[in-house]
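One structure is given below, encoded as structure tokens.
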Amino acid sequence: MTMTDGRLLPRRRRPPRAREAATSTTPRRRCPLTRQRLRCDRSGFAPGMAGYVNITQHRGGKVTFIVDDAADSVKPVTFVKQIESHRYDYSVLQVSSVLSSPEAEAPVAPPAPVNLTELLSKKYCKSFAGLLAADAKAFDIINGTKDTALTLFCPVNAAVDAFMPKFKNLTAKAKTAILLYHAVPDYYSMQFLKSNKGKVNTLATTSVAKKDYTYEAQTEADTVTLDTTVTTSTVQATVRDDDPLAIYAISKFLQPKELFKSKKSEDLVPAPAPEGPKKKKTRKKPSSTSAAEAPSDDEAADGPAADASADDAADKAGAAPSLLARWVTAVATATAAMALAA
């Protein structure tokens with residue numbers, strides 16, 4: 000109401016349509032501008048601080064833009080020029096690159112699960128994939144580790160075929176252990192394998208109690224080798240190298256020293272001592288008596304030497320009675336002489 004000449008007059012009202020139009024009009028929001036920073040209110044329905052953009056004016060007139068919830072690694076974009084402007088309504092600015100918020104980006108679909116058997120069968124390791132599929136325990140342990148961190152050394156098909164006679168003779172527990180022996184519960188890229196050297200723990204190390212099941216990994220002439228002290232295998236190809244899963248094709252089936260004889264233990268066995276010069280065996284000539292009584296063999300018993308020995312023995316046997324007769328005669332003569340003398 001207004002006062003005119005001491006009287007209160009009713010205030011002129013707006014027409015109904017104009018009042019409705021004014022009520023329905025949304026007030027425009029302006030961004031408070033300072034010399035250092037310009038912060039605009041959020042628009043739309045972005046959650047939290049996702050709708051805020053920080054605009055910074057630097058010395059020399061440079062202006063940069065960055066999303067309020069951007070990561071530390073994100074660099075701000077730079078103002079290039081103004082394309083169009085309507086005062087108190089909108090402005091179109093050109094910036095150096097895309098200004099985006101994580102909330103505004105489309106959700107990224109999770110990677111497709113890796114089919115370990117299919118992956119091995121397609122590249123170099125079909126025979127080894129068959130061994131894994133036939134051993135439920137080994138497959139479950141290896142397949143359950145591939146999504147966290149796993150390096151798998153798979154022997155090529157020719158290496159598996161060469162090892163099958165030995166593999167068939169192993170017990171079920173040993174077969175599981177030797178398959179787990181090819182899996183490492185960590186992700187090793189090819190670059191890491193070539194730049195490092197040392198002992199490698201395997202899934203068999205953690206699955207089999209009181210057993211070592213490790214081997215040495217090293218690089219020789221830019222080639223990665225795996226030494227189990229029983230066999231030495233080399234990496235021939237990369238099947239997959241994408242964190243957290245790495246698969247490499249190797250030249251030989253890895254044989255642990257816990258199941259097979261180590262080459263080093265064979266080297267430690269002392270060599271047999273060389274034999275000395277052989278002595279000549281001398282044959283003693285049997286005495287005539289022993290030759291006559293017991294010949295040593297058939298040749299000695301039937302040969303000419305045996306006949307000569309037999310003849311000598313016979314002569315000596317014949318000579319023995321004549322000597323006795325002479326002795327008796329001599330004794331008798333002596334006795335007679337003594338009797339005559341008396």
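Sequential numbering from 0 applies to the sequence shown in numbering that gives the first Met the number 0. For each residue, glycine too, the CB sits at the ideal point set by N, CA and C. Nothing here was measured: the structure is a model prediction, and the numbers come from that model.
Enclosing alpha helix (DSSP H) for residue i [first to last residue]
i, result
"Phe252", "Counting along the chain, Phe252 falls outside any alpha helix (DSSP H), and DSSP gives it neither H nor E."
"Ser126", "125-133"
"Val422", "Limits of the chain in this structure are 0 at one end and 341 at the other, which puts residue 422 out of reach."
"Ser120", "115-121"
"Leu92", "Counting along the chain, Leu92 falls outside any alpha helix (DSSP H), though it belongs to the beta strand (DSSP E) covering 89-94."
"Lys193", "189-194"
"Thr175", "171-179"
Terminal residues of the beta strand (DSSP E) in which residue i lies
i, result
"Lys61", "Element bounds for Lys61: n/a, residue is neither H nor E."
"Ser84", "76-85"
"Thr230", "No beta strand (DSSP E) contains Thr230, which DSSP labels as neither H nor E."
"Thr222", "222-226"
"Thr55", "52-56"
Residue burial classification, residue i (beta-carbon count within 10 angstroms, cutoff 16)
i, result
"Tyr87", "exposed"
"His181", "buried"
"Tyr123", "buried"
"Pro255", "buried"
"Glu83", "exposed"
"Pro110", "exposed"
"Thr205", "exposed"
"Lys74", "exposed"
"Glu342", "Outside the displayed span of the chain (0 to 341) sits residue 342, for which this structure offers no information."
"Thr147", "exposed"
"Thr201", "buried"
"Asp40", "Because Asp40 carries a pLDDT of 47, less than 50, the predicted location of this residue cannot be relied on, and the following value inherits that uncertainty. Per the 10 Å Cβ criterion, exposed."
"Thr288", "Since pLDDT at Thr288 reaches only 48, below the 50 mark, its modelled position is unreliable, and the value read off the structure follows with that caveat. Exposed."
"Thr233", "exposed"
"Ala133", "exposed"
"Thr55", "exposed"
"Val97", "exposed"
"Ala108", "exposed"
"Thr144", "buried"
"Lys198", "exposed"
"Lys251", "buried"
"Thr222", "exposed"
"Ala220", "exposed"
"Asp296", "With a pLDDT of only 48 at Asp296, under 50, the local geometry of the prediction cannot be trusted, and no value is derived from it."
"Ala157", "exposed"
"Thr22", "Note that Thr22 scores a pLDDT of 43, beneath 50, so its modelled location is shaky and nothing firm can be said."
Anticipated Cβ contact below 8 Å, residue i with residue j, distance rounded
i, j, result
"Lys210", "Thr175", "With 8 Å as the limit, Lys210 and Thr175 do not qualify as a contact, their Cβ atoms being about 12 Å apart."
"Val79", "Ser90", "Contact doesn't hold; Cβ gap of about 13 Å is too wide."
"Asp71", "Ser126", "About 49 Å; that fails the 8 Å criterion."
"Pro154", "Ile249", "6 Å"
"Val66", "Ser100", "5 Å"
"Leu244", "Phe152", "At roughly 13 Å, the Cβ-Cβ gap does not stay under 8 Å, so Leu244 and Phe152 are not in contact."
"Leu131", "Thr116", "7 Å"
Bridge partners - residue i, DSSP secondary structure assignment
i, result
"Arg239", "Ile246"
"Ala111", "None, per the DSSP bridge assignment."
"Val199", "Tyr214"
"Arg152", "Just to set this straight, residue 152 is Phe in the shown sequence, not Arg. DSSP output for Phe152 lists Tyr247 as bridge partner(s)."
"Val97", "DSSP lists no partner for Val97."
"Ala69", "Paired residue(s): none; Ala69 is not in a bridge."
"Ala182", "Leu151"
Mind the definition here: the segment 189-202 touches the segment 164-175 only if three or more C-beta pairs lie below 8 Å; say whether that holds.
-> no
Taking three-plus beta-carbon pairs below 8 Å as touching, is the segment 224-236 in contact with the segment 131-145?
-> no
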